[in-house]
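Numbering (our numbering), first residue to last: 2 to 1026.
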């Protein structure tokens, strides 16, 4: 994982650090100098550096092994910080000084736009006030915009209303030296009429990825009154901009700038910001910035629905075209800046700030701090003009504005000022106040009614005898007598699904959630010998997404049919602000009955005595409990939900742990009602078997269970090991393979067990005797489970006959045997060994290292690691084929499944390659198909390209032409030698080669031998693996 340094101290830098800290590729973010907000972020730490001292910054980055520097403000970029860092091998996101001039000099920008026919306002450049004022008074266009050519902190533009006001601005800048060096040259520009927007893009110097347009509000006061500021608020996206306008700006302005800068030898890498005004004659450029806008950054990045870190690295490496940016759909962001009294002129600082903490705990609000710091008493106080920005995220701008204003009103400090009309152009240009409706507030009654209509036929399929009404009434009606009950005892159960919902929502898989919901309720009432009769559901969400809700209801109706109850009603509640737009929660309510006098009431705890048997019914897996712990285990394991499950081969991790809860009603209810000797039943839910079984036992007995009497699913073994969880904790949290228990007298146990096994077999479930009731000592536990260590820990797999070589860290998934062929130092071999020994659940094991040279370092590395080695001197064979035949014999004898070439300096014969085709891979030190064969690094330097790297590919008979499995890029610097480039590429090889081997051995990828293409079991990753 990487370390990142963010340079700057404003709200923009807080937002950048916030977004980068969310990356699973980033271990630590440093902010220099940062502010109070950055210091409170997870994974982020403020670092006091003199950011204008490039040598100090560089030395610190080298010392701390910083992988990426992200520069927020424009001044360090204009002063060449990117150049200095890059010269020292440190990746820096932001343009060089030669490219940053597009912001640093408005005079340069105007000449550049003229040269490349980029549409902009008419202008002239001046260095003396008289000539400038003469032009203002005589120009054939309204020359009312006065700009300092240099960097003025976003305040160097004066838009005058009259010629006299424009001349006054000229005098202020040139004669009174208001902006210092930045104002030595000024631009007098035509005043254009239209609405202004900010268009930003990422660029690698060739390719661009445009961001959603935003609109900044420069004026201090509502109604665009008052002086210009650095920005008092912003929103994104801008619904009033047409797609054709966005396309025009993308191609005719942003891409044109990138192409023109590259043609001029000023390759532009980083964020390019274009301030655009949309006139009646089309878009015109007002200004360019060489970095993220502030506060535009605070509304754009919250809408980025993917990892920022690899995007920035791709810009630096020149591979942006290999990335597809994802943005949140149908979502808006709006931010309101709170400023100090007197801003943008003279203002006081040191004012205590209150009310921020609770806002950051809300999913749809985020406070980005700017001018804040901790005082000597560790109180956050103001330290700048623009103090902070409150950003809201919601389905519409009107809701965003309401949320953001509510957030701003919760924060207080002396003299605070802010605007109340951010986004008014988009929301309501007439009265600048949104005309709110229930739908605009996020609740669409019509959509809810349409949803209910769409599920009516589905719900009807769950109907049973006793149902009296369709959906849509105020209540659900059910007649127990029609269902066969004359004197029913009603039994009810209410439950939810817990944080398993978060897994389902992360996977986008919702159809089994409804099954879980019903199962949790009806299995509970089954323990009382009750037949489920009807069910009601509650579905709450931030925004009703009909396809999601429909999937959930489909699962509910399916489970109702499986359990024999009817879905007779429910509630769908749309609650914006309570839930994120992508999140929902569910609850269920089931009612069942047993006939008084006919059916035995359960439990009958007074009848339970020592010697009674406990029959366990298998679970389908985790069911619906313990998922807060499951999610933590997934997090620390480093696995993604889309990765193959480490304990089985046919499903992803997400698919496996979403396996729905078993429904026991139909197979077990006849047994509970008609078999004698049954005394109690328990549904094993939250609290595990040791928490639920005592609920149906008298206090004077204990349940003695044997964990070796049932099969514990591998998912529990993986959780236990990957989370380093004690067996006691496992038993107190999870069902550990037993979803339901029946306590039955010893004399009747075999009959009950036999009937359970018969009724369950068609569901893929099993029943077994798992223990017995014993007399309890006063100090003994209510449930004792023996042999649980053996059953949950990997040793049990060994006792059951698995070979050690076939285990994946003891979780039962087969490890594939890999041979590595080396001829030299074996650094790639070492990378493969390090990965296999350090990564949990690695799918390969190096079982043999084979070399054609005796005494090489690679062989020594293997011996030190305890890996079997073989030396075959190729000089002792009469032909290449004979040598390869000897190798093949050794590989076959060792049961090798895959071969890795790691610096093996021998050409392989055609028959050998054909035999092992699809099972043999190599790593080549360039980005294939470019620079094949030997001397790849020299070829790269001779070609003068900017990017090189390495490629893991399948071996084919033609050199370096096998299907590509993975690639990793590295930059090529002008001062590179073969040795310097080789060292950089080696690091990339050590990163990508082991991961490629795991992808191959896990079955995620395989070779299509006919087409010489890689077949991916899931989507092909876009950056490396």
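Every residue, glycine too, gets a C-beta built ideally from N, C-alpha and C.
Would you please state the rounded distance, in angstroms, between the beta carbons of residue i and residue j? I believe it to be under 8 Å.
{"i": "residue 203", "j": "residue 272", "result": "6 Å"}
{"i": "residue 792", "j": "residue 708", "result": "4 Å"}
{"i": "residue 351", "j": "residue 376", "result": "7 Å"}
{"i": "residue 463", "j": "residue 568", "result": "5 Å"}
{"i": "residue 822", "j": "residue 905", "result": "4 Å"}
{"i": "residue 439", "j": "residue 527", "result": "Wrong, their Cβ atoms sit about 41 Å apart, outside the cutoff."}
{"i": "residue 947", "j": "residue 973", "result": "6 Å"}
{"i": "residue 498", "j": "residue 518", "result": "6 Å"}
{"i": "residue 662", "j": "residue 701", "result": "Rounded, the Cβ-Cβ distance is 32 Å, inconsistent with contact."}
{"i": "residue 255", "j": "residue 200", "result": "7 Å"}
{"i": "residue 83", "j": "residue 96", "result": "6 Å"}
{"i": "residue 278", "j": "residue 193", "result": "5 Å"}
{"i": "residue 218", "j": "residue 339", "result": "Not a contact, Cβ separation roughly 13 Å."}
What does the alpha-carbon distance come out to for the pair residue i and residue j?
{"i": "residue 778", "j": "residue 784", "result": "12 Å"}
{"i": "residue 301", "j": "residue 316", "result": "18 Å"}
{"i": "residue 586", "j": "residue 539", "result": "8 Å"}
{"i": "residue 872", "j": "residue 855", "result": "6 Å"}
{"i": "residue 1025", "j": "residue 969", "result": "Only weak support exists for where residue 1025 lies, its pLDDT of 42 falling under 50; the value from the coordinates is given anyway. Distance between the alpha carbons of residue 1025 and residue 969: 5 Å."}
{"i": "residue 280", "j": "residue 50", "result": "44 Å"}
{"i": "residue 496", "j": "residue 644", "result": "30 Å"}
{"i": "residue 348", "j": "residue 374", "result": "16 Å"}
{"i": "residue 514", "j": "residue 577", "result": "22 Å"}
{"i": "residue 334", "j": "residue 395", "result": "7 Å"}
{"i": "residue 672", "j": "residue 655", "result": "35 Å"}
{"i": "residue 105", "j": "residue 148", "result": "12 Å"}
{"i": "residue 682", "j": "residue 600", "result": "14 Å"}
State the beta-bridge partners of residue i as determined by DSSP.
{"i": "residue 1009", "result": "1014"}
{"i": "residue 47", "result": "32"}
{"i": "residue 273", "result": "202"}
{"i": "residue 6", "result": "31, 70"}
{"i": "residue 787", "result": "707"}
{"i": "residue 393", "result": "335, 366"}
{"i": "residue 258", "result": "Paired residues: none, contrary to the question."}
{"i": "residue 902", "result": "822, 923"}
{"i": "residue 290", "result": "274"}
{"i": "residue 413", "result": "355"}
{"i": "residue 147", "result": "159, 189"}
{"i": "residue 1064", "result": "Lying before the first or after the last residue shown, residue 1064 is absent from the chain, which here runs from 2 to 1026."}
{"i": "residue 428", "result": "According to DSSP, which records beta bridges pairwise, residue 428 is partnered with nothing at all."}
{"i": "residue 533", "result": "593"}
{"i": "residue 561", "result": "Answer by DSSP bridge pairing: none, since residue 561 is not bridged."}
{"i": "residue 383", "result": "373"}
For residue i, which of helix, strand or coil comes out of DSSP?
{"i": "residue 664", "result": "coil"}
{"i": "residue 55", "result": "helix"}
{"i": "residue 211", "result": "strand"}
{"i": "residue 776", "result": "strand"}
{"i": "residue 870", "result": "strand"}
{"i": "residue 641", "result": "coil"}
{"i": "residue 120", "result": "coil"}
{"i": "residue 850", "result": "strand"}
{"i": "residue 614", "result": "strand"}
{"i": "residue 600", "result": "coil"}
{"i": "residue 226", "result": "strand"}
{"i": "residue 23", "result": "coil"}
{"i": "residue 881", "result": "helix"}
{"i": "residue 241", "result": "coil"}
> Of all the beta strand (DSSP E) runs that stay within the bounds of the segment 733-771, which reach a length of 3 or more residues?
Replying inline: Those beta strand (DSSP E) runs which fall completely within the segment 733-771 and span 3+ residues are 739-745.
>> Quick check on the DSSP output: what are the complete alpha helix (DSSP H) runs of length 4 or more inside the segment 299-373, in order along the chain?
In response: You should have 309-318, 358-361.
> Which runs of the beta strand (DSSP E) fall wholly inside the segment 814-848 and span at least 3 residues, in chain order?
Replying inline: You should have 817-823.
> Unbroken alpha helix (DSSP H) runs of length 4 or more, entirely within the segment 670-728: which are they?
Replying inline: The segment 670-728 contains these whole alpha helix (DSSP H) runs: 689-693, 715-723.
> Curious, which full-length beta strand (DSSP E) runs of at least 3 residues does the segment 467-498 contain?
Replying inline: DSSP runs (the beta strand (DSSP E)) wholly in the segment 467-498: 489-497.
> Which parts of the segment 158-194 are runs of the alpha helix (DSSP H), unbroken and 4 residues or longer, counting only runs that do not cross its ends?
Replying inline: Under the rule that a run must span 4 or more residues, the alpha helix (DSSP H) segments found entirely inside the segment 158-194 read 164-171.
>> Please give the ranges of any alpha helix (DSSP H) in the segment 955-1014, keeping only runs that are unbroken, at least 4 residues long and fully inside the region.
In response: For the segment 955-1014, whole alpha helix (DSSP H) runs of length 4 or above, ordered along the chain, are 979-1002.
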